[in-house]
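Under the numbering used here, the first residue of the sequence shown is numbered 37, with each subsequent residue one higher. Note that beta-carbon positions come from the ideal geometry of N, C-alpha and C, so glycine has one too. Everything numeric in this text was worked out from a predicted model, so none of it was measured.
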Amino acid sequence: MPDPLQEGVRHLESHREELDKTVWANERLAQEHEVPFIDLWDSIRGAADNSIPMKRFGFRELRLGLPKSPETLKNEVIVTRFSSGGDILDHASWGKWLDDLRNQGYRLSQCEFHHSQFTPRKEGSTSTMQSVFHVVNDRTGGRWILKGPLQVQWAAPAGPGSRLEIVSMDASGMVMYFRGGQPAFSETPLNPVLKRGGASRLLVYDVDRDGDSDLAMLSDNRFLRNRGDGTFDASPLLSRPGQDVTTGIIADVTGEGIADLVQSEGKFLVLHRGMPNGTFSDGQPIAGPSPDLSGCAFTAGDVNADGSLDLFIARYRNPYFGGQLPTPYFDADDGYAAHLLINDGFGGFSDGTELSGLSGKKIHRRTYGASLIDLDDDGDLDLLVVSDFSGIDIYANDGKGRFTDVTATAVDERSLFGMSHCFADLDKDGRSDIFVTGMSSTTARRLEGLGLGRKEFPQHDEMRAKMSYGNRVYCKGDGFSYKQPQFKDDVARTGWSWGVVPIDFDCDGDIDLYIANGHSSRKTAKDYCTTYWCHDIYSGTSQYDPVLNLGFQKNFSKGISWNGFEHNVLFMNSGGTSFHNVSFLMDTSLEEDCRSVITDDLDGDGRMDLIIEEDLAIPEANNGHYRILMNRWKGQNHWLGIRLREEGKGISPMGATITVDTAAGRLVHKVTSGDTFRSQHAPNAHFGLGSTDQVRLITVRWLNGHERTITDPAIDRYHDIRP
């Protein structure tokens with residue numbers, strides 16, 4: 037007898053094949069036309085001499101752009117734009133040109149090709165390939181980024197099944213960035229103690245109070261004590277390690293003035309009290325197993341003004357597992373319940389979710405991140421929740437720990453595949469803004485351009501452009517007003533993005549952004565994204581489905597990628613009005629699939645470094661490792677750093693606001709947790725001052741209203757500020 041499960045999968049595949057031939061016929065044609073570029077991309081990555089596959093790539097002519105007058109940005113970055121009217125190369129001239137460049141020391145280091153637009157025509161279709169080329173000159177050290185649309189004209193097909201031929205490619209719409217000299221960052225050799233297994237969770241905190249940030253790798257029960265120069269001594273984090281650790285936070289939940297460790301161990305939330313010698317005690321369960329408190333998002337703060345830190349924890353429900361899918365994909369509320377745990381003042385917790393007003397419809401999001409932070413500057417902690425297959429939710433605190441959903445009035449567009457977030461003054465108006473990472477999809481944009489969709493799912497198609505827009509930035513106005521700024525498109529499309537950190541890498545006073553990218557890089561750059569947008573968003577429900585489960589397993593076993601081989605992004609802020617991706621110029625454009633990002637001054641030199649998690653997803657590589665990029669910037673800008681610590685008696689860094697006033701304006705930093713992705717920053721603040729050599733005032737305002745000011749502080753050093 038036929039296996040009913042296999043029969044179900046065959047029916048599923050047959051149905052999808054029929055849709056591909058009818059509803060999605062032009063999308064299938066688009067996929068066929070992108071194959072030559074995918075093959076080129078794969079060949080370039082695999083070649084010892086990648087000029088060989090480039091010379092073999094077939095076309096009749098390539099139209100280069102005519103360079104316009106270059107524009108010089110800060111940090112010696114030169115931008116050149118092009119217009120039509122440049123040289124036209126035939127295929128033979130193209131090969132000679134590549135040889136000449138190679139002989140002069142130029143080498144293609146990285147590239148990407150994304151088929152963003154397709155127009156089918158009988159006389160020859162056209163494509164737009166959004167392309168990126170990262171080039172280095174091995175003799176001079178100069179680096180170039182060439183990116184933008186490559187307009188492709190295809191020949192009319194000779195007949196069914198005939199070979200596709202490129203008539204012409206026009207590169208005149210591309211933009212070139214150049215910078216000579218030493219890049220800003222240098223990667224340290226991989227340290228075996230930075231390999232991880234199990235769930236990723238990296239906490240950065242000065243546990244031993246010596247002024248240097250240490251690292252806690254929870255799933256590996258590993259503590260890395262900073263020697264002060266960005267190198268580490270490894271030891272066990274706990275004498276009796278917990279099992280199945282999924283999340284955690286370092287903060288003083290007992291009110292004793294020493295930071296504790298609270299982590300999810302299985303379904304329990306377990307407290308490890310901080311000890312005076314910089315260690316943590318054996319665990320004491322404080323909540324769970326009902327409700328299940330294994331988590332992903334974790335944040336701490338005093339929500340009810342009683343002087344003790346409360347906890348908000350939310351879980352992520354993986355799509356595809358068991359054949360279930362987020363339903364609907366644009367506003368899913370079919371995950372696991374989140375919980376607000378109220379502290380009794382001594383490290384004991386009770387579930388306050390319902391009494392706080394958070395137990396309503398949106399509490400079952402598939403949540404990746406959340407932060408308790410004062411969003412309206414009224415002196416209490418509000419709640420930002422970032423969820424996949426949905427977007428952001430914002431809850432206002434009445435000051436007594438009761439929350440109201442204000443999302444609809446707080447932001448002008450909430451929808452995205454929410455991954456992580458951060459807070460920083462990006463537009464330089466002295467107020468803290470919100471940045472949220474998402475997933476920008478070339479496939480979705482292509483389908484929009486083709487006008488394709490399923491008429492029986494009108495809302496699915498209507499939400500496609502909003503959900504696939506990418507990252508979103510919200511600049512603060514008055515109260516709970518956050519609007520997307522004019523520069524929003526500058527920072528939107530970075531691929532499948534995960535962790536994000538604000539980092540003033542050049543200490544000029546403009547907050548830059550570093551973003552980790554890439555989902556699943558497999559054997560080929562051929563992308564699963566088309567299957568997702570043409571089929572998966574319309575398939576299945578929130579319930580487990582064995583047929584879909586088997587069908588998904590077959591698809592994922594084919595070795596194709598999903599947003600693979602994307603590069604990490606460093607957005608350089610230009611005065612709070614525009615952003616430029618200079619990642620390759622600064623040697624931070626990692627091609628591997630990355631997840632969490634942390635920024636900290638690991639060697640205390642006033643330059644912010646990066647810790648980046650690379651996700652390997654293979655057991656023999658311990659699932660992943662953390663890579664450290666040290667900031668070696670040679671600029672002469674000034675800076676100032678502030679370090680806070682747990683004080684007890686209701687005074688915690690969590691929720692504190694730090695402002696620095698100079699002749700050039702006000703700088704602001706809000707201490708929170710739950711930002712970036714599955715990580716925790718140290719409760720420190722770093723401010724780039726640019727050429728300013730004097731600070732008028734530092735103000736630290738703790739959440740309980742206690743305030744400390746320092747007049748005319750010394751610059752180019754850290755200040756340990758106590759109440």
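(message) With a threshold of 8 angstroms between beta-carbons, can H755 be considered close to chain B, or not?
(response) No chain B is part of this structure, which consists of one protein chain only.
(request) Have a look at the DSSP bridge pairing and note the partners of K512. (result) Y518
(request) Count the CB pairs spanning the region 195–205 and the region 633–644 that are closer than 8 angstroms, and state whether there are at least three. (result) no
(request) Under 8 angstroms Cβ to Cβ from T363, same chain only, skipping five residues before and after it: list those, please. (result) D370, G576, T577 and S578
(request) Using three-state DSSP, classify Q495 as helix, strand or coil. (result) helix
(request) Note down the Cα distance separating P156 from N62, rounded to an integer number of angstroms. (result) 7 angstroms
(message) Short of 8 angstroms in beta carbon distance, which residues of its chain neighbour A657, apart from the five on each side in sequence? Order them along the chain.
(response) Interpretation of A657 is limited by its pLDDT of 48, a score under 50 that renders its predicted location unreliable; no figure is taken from the coordinates.
(message) With H, G and I counted as helix, E and B as strand and the rest as coil, what does DSSP make of M253?
(response) strand
(request) Give me the Cβ distance between F471 and A460, rounded to the nearest whole Å; I'm assuming they're in contact under 8 angstroms. (result) 7 angstroms
(request) Can you say whether S688 is buried or exposed, counting buried as having 16 or more other CB atoms within 10 angstroms of its CB? (result) buried
(request) Return the residue from the list S79, R490, M165 and L98 that minimises the CA-CA distance to Q67. (result) M165
(request) Measure the Cβ-Cβ separation of I322 and L305 and say whether it is below 8 angstroms. (result) yes
(message) Please return the same chain residues whose Cβ sits closer than 8 angstroms to the Cβ of K104, not counting the five positions on each side in sequence.
(response) T116, R117, F118 and S119
(message) Pairs of beta-carbons, one from the region 344–363 and one from the region 556–568, closer than 8 angstroms: are there three or more?
(response) no
(request) Leaving out five residues on either side along the sequence, give the residues of the same chain with a beta carbon under 6 angstroms from the beta carbon of E107. (result) V115
(message) Less than 8 angstroms between the C-beta atoms of G216 and Q187, yes or no?
(response) no
(request) Could you check what DSSP says for H603 in three-state terms: helix, strand or coil? (result) coil
(request) Report the three-state DSSP secondary structure of V229 (helix, strand or coil). (result) helix
(request) Might you give, ordered along the chain, the residues of its own chain that have their beta carbon closer than 8 angstroms to the beta carbon of S610, omitting 5 neighbours on each side? (result) L109, K110, D546 and H616
(request) Quick one: give me the first and last residue of the alpha helix (DSSP H) that T552 is part of. (result) A small fix is needed here, since residue 552 is Ala in this sequence, not Thr. Looking at the DSSP string, A552 is not in any alpha helix (DSSP H); the run it does join, the beta strand (DSSP E), is D548 to N553.
(request) Thinking F431 and L419 are a contact (beta carbons under 8 angstroms), I'd like their distance in whole angstroms, please. (result) The residue you asked about is not Phe; residue 431 is Tyr in the sequence shown. Going by Cβ atoms, the distance from Y431 to L419 rounds to 4 angstroms, so yes, they are a contact pair.
(request) Please name the residue, chosen from M455, S167 and I88, that lies closest to R143 on a Cα-to-Cα basis. (result) I88
(request) Mind reading off the beta-carbon distance from L274 to N257? Whole number of angstroms is fine, and I expect it under 8 angstroms. (result) 6 angstroms
(request) Inspect the beta-carbon positions of Y505 and S533 and report whether they are closer than 8 angstroms. (result) no
(message) Measuring only the C-alpha atoms, how far is F221 from M666?
(response) 5 angstroms
(request) Check the C-beta distance from G474 over to R508 and give it rounded, since I have them as a contact under 8 angstroms. (result) 7 angstroms
(message) Going by the DSSP bridge assignment, what does E107 pair with across the sheet?
(response) V115
(message) Buried or exposed, going by whether 16 or more other CB atoms sit within 10 Å of the CB of H51?
(response) exposed
(message) If distances are taken between C-alpha atoms only, which option among P272, V707, V168 and D78 comes closest to T530?
(response) V168
(message) Just to confirm, is the Cβ distance from V731 to I751 under 8 angstroms?
(response) yes
(message) Within a Cβ cutoff of 8 angstroms, which residues of the same chain sit near L76, ignoring the five residues on either side of it in sequence?
(response) P89, M90, F93 and F149
(request) For C570, name the three-state secondary structure that DSSP assigns. (result) helix
(request) Starting from the C-beta of S317, find all residues in its chain whose C-beta is less than 7 angstroms away, skip the five residues before and the five after it, and write them out in chain order. (result) H308, R309 and M311
(request) Determine the direct distance from the alpha carbon of E70 to that of T479, and round the result to whole angstroms. (result) 11 angstroms
(request) Identify whether R401 lies in helix, strand or coil by the three-state DSSP scheme. (result) coil
(request) Run through the region 117–156 for me and flag every whole beta strand (DSSP E) of 3 or more residues, listed as ranges in chain order. (result) 124–126 and 142–155
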